[in-house]
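Quick mapping for you: the protein sequence lines, in order, are chains A and B. Just so you know, we're using the numbering used here here: the first sequence kicks off at 80 and counts up by one. Just so you know, we're using the numbering used here here: the second sequence kicks off at 841 and counts up by one. The structure appears right after this line, and notes come after that.
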Amino acid sequence: GQQLNQSPQSMFIQEGEDVSMNCTSSSIFNTWLWYKQEPGEGPVLLIALYKAGELTSNGRLTAQFGITRKDSFLNISASIPSDVGIYFCAGHNNAGNMLTFGGGTRLMVKP
Amino acid sequence: NAGVMQNPRHLVRRRGQEARLRCSPMKGHSHVYWYRQLPEEGLKFMVYLQKENIIDESGMPKERFSAEFPKEGPSILRIQQVVRGDSAAYFCASPVSRAGGITEAFFGQGTRLTVV
Chain A
80 GQQLNQSPQS MFIQEGEDVS MNCTSSSIFN TWLWYKQEPG EGPVLLIALY KAGELTSNGR
140 LTAQFGITRK DSFLNISASI PSDVGIYFCA GHNNAGNMLT FGGGTRLMVK P
Chain B
841 NAGVMQNPRH LVRRRGQEAR LRCSPMKGHS HVYWYRQLPE EGLKFMVYLQ KENIIDESGM
901 PKERFSAEFP KEGPSILRIQ QVVRGDSAAY FCASPVSRAG GITEAFFGQG TRLTVV
């Protein structure tokens, strides 16, 4: 089946630093989604991307849909303690009905 | 939780018992996804349902698991004769589609199943 490789698996950074994480796939996707999950909660949608090359921002978050349609990255600028959580990428292509999720990037921010 | 309601939030079952997990999607939505998340892992697709119809169950284990979304009432994920390996968080989501493709999905808070 389809797989999304997400990296890094975890990051431990100082408050104020910028963060970058990415997802790659061997398959083409038509939609890329980025979610954040906090302990005991469900994933919350942060950013949705629909076109190759698209760059979208949501506050301090910026995500891009790769030109090849096989990758996406998420940047967080000037991290703060409440950014702590697990960030997941997810992709959809019209060949299937489901969203495929990456393995997640666990972000820890030191005040 | 974007209006996706799941209950119970936590469920404890002994090995061999049945677990029933409920999901009410966002108001006006007639499709749901069910996903499973094992500890320290990502979300794995289980099943995609429309009211009174299973669209894609390619992620469902072949035995003991079933799902339905009746015309009235919530979607139900049913696990019979639970085993310890069924312990996980189970999430449902309301997918949004345009022009034939899924564009977003909004998740509930999940049901955390513990099998003892």
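Just so you know, even glycine gets a beta-carbon here, dropped at the ideal spot from N, CA and C.
Chain B contact for G145 (chain A) (CB, 8 Å cutoff) = False, the Cβ-Cβ gap to chain B never drops below 8 Å.
Return no unless some Cβ of chain B is closer than 8 Å to the Cβ of F91 (chain A).
-> no
Which residues in chain B sit within 7 Å of E120 (chain A), going by Cβ to Cβ distance?
-> Q949
From E96 (chain A) to E897 (chain B), what distance separates their C-alpha atoms?
-> 42 Å
Alpha-carbon spacing of A169 (chain A) relative to V852 (chain B), whole angstroms | 30 Å
Could you tell me whether any Cβ in chain B is nearer than 8 Å to the Cβ of A127 (chain A)?
-> yes
Identify the residues that DSSP records as bridge partners of P935 (chain B): which are they?
-> B:A945
State the Cα-Cα distance for the pair V1013 (chain B) and F946 (chain B), rounded to the nearest angstrom.
-> The structure shown does not extend to residue 1013 (chain B), since chain B spans only 841 to 956, so no value can be given for it.
Would you decide whether F931 (chain B) is buried or exposed? Buried here means 16 or more other CB atoms lie within 10 Å of its CB.
-> buried
Along chain B, which residues have their Cβ under 9 Å away from the Cβ of M187 (chain A)?
-> The premise fails here: M187 (chain A) is roughly 14 Å from chain B at the closest Cβ pair, so nothing lies under 9 Å.
Assuming E944 (chain B) contacts L124 (chain A) under a Cβ cut-off of 8 Å, what Cβ separation, rounded to an integer in Å, is found between them?
-> 6 Å
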